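Undergrad: For the sequence shown, the residue numbers in the UniProt record's numbering are 1 to 181. Supplied in structure tokens, the structure appears directly below.
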Amino acid sequence: MAQVAGSNKRLAKELADLNKTPLDGITVEVAECVAHDSLRDQKVPEFTGADCVFTCFHSENIYKWVAKIEGSNTAYHGGVFELSLEFPIEYPFKTPKVKFNTQIYHPNVDDSGNLCIGLLKAEAWKPSTKASSILMAIAQLLSEPSPDDALVASIAELYKSDRAKFDKTAAEYTKKYAAPK
């Protein structure tokens, strides 16, 4: 039970920090979360920014969030991609599960939405890593894919060998699957 209180407290603090000090280039919108007494009847206002929106999507579970990341100034320009973040009760000592809900043509994201990003690997995870850092790293991955750490080898190979064709295909997927900006 102490671990649940600790992770609730950590997530509540991260939300409060984002409320108090918005991140440059990131829009934060958090739905009312009532999983923890300190959050009951509290709403965190929307911040303005350009690249990300994340929301607690289960009003009774602060451990499940949705992130919406814009593909601004990337091959994914004009699209908004939805991700889910599921924080374990052991957070921040264990990494959250992050998955793209929107189909995306990217070497580091497979067809099921699974994501390969260094800081989410168990051996690289640090309890000091915050959700905001995860979202910024994912936004950066849209700008700069990591083909040498790919989940989809064929997309990584195309990215390395024919960037124009990769960008064209990524733009087509964005138009077809992503929400418009």
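Glycine is no exception: its CB is placed at the ideal position from the N, C-alpha and C atoms. Being a predicted model, the structure only gives us computed values, none of them experimental.
1. Alpha carbon to alpha carbon, what distance is there between T174 and Q103?
2. For G78, collect the residues of the same chain with a Cβ closer than 6 Å to its Cβ; drop the 5 residues on either side in sequence, then sort them by chain order.
3. Return the CA-CA distance between L11 and Q140, expressed in angstroms with no decimal places.
4. Just to confirm, is the Cβ distance from K64 to E86 under 8 Å?
5. Which runs of the alpha helix (DSSP H), 4 residues or longer, sit entirely within the stretch 117 to 172?
6. Consult DSSP for residue 211 and reduce its assignment to one of helix, strand or coil.
7. Taking the alpha carbon of A131 as the point to measure from, which residue in A75, N73, P88 has its own alpha carbon closest?
TA: Judging by the given coordinates:
1. 8 Å
2. K181
3. 23 Å
4. yes
5. 131 to 143, 153 to 161
6. Given that the chain is displayed from residue 1 to residue 181, the structure contains no residue 211 and the question cannot be resolved.
7. P88
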